[in-house]
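In my numbering, the protein residues as written are 284 to 363.
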C-alpha cells in the first residue's frame with residue numbers, strides 16, 4: 284500500500300484503492316501462473332526426452348561391434 288493509503292479516512296476511497304491494488308496483484312498472479320505452466324511444460328518435455336534415451340550399457344552393439352553392424356568385418360589385430 285502507498286503512504287497515501289495510510290492517510291485515507293474515507294472508507295470509499297480506501298475501498299477503491301484496495302480494489303485497484305487487488306487488480307494489480309491478480310494480474311501479477313496470472314503472469315506467474317502462466318510462467319509456472321510454461322516451466323511445467325518444459326520440465327515434462329525434457330523428462331520425456333530423457334526417458335526415451337537409451338540407458339547406459341543398453342546399446343544394441345558395443346563400439347567394437349559397430350563395424351560388423353554395417354557389414355564390415357573388423358581388421359585383424361597385428362601383433363609385434
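By construction, the Cβ of each residue, glycine as well, lies at the ideal position given by its N, Cα and C atoms.
Self-check item: DSSP three-state assignment for residue 320, whether helix, strand or coil
Solution: Residue state for residue 320 is assigned as helix, using DSSP reduced to three classes.
Quiz item: DSSP three-state call for residue 340: helix, strand or coil?
Solution: In this structure, residue 340 counts as coil in the three-state DSSP scheme.
Self-check item: Cβ neighbours of residue 320 in the same chain (closer than 6 Å, five flanking residues each side left out)
Solution: Close CB contacts of residue 320 within its chain, under the 6 Å cut and outside five residues either way in sequence, are absent.
Quiz item: Excluding five sequence neighbours on each side, which residues of the same chain lie with their C-beta closer than 8 Å to the C-beta of residue 299?
Solution: There are no such residues.
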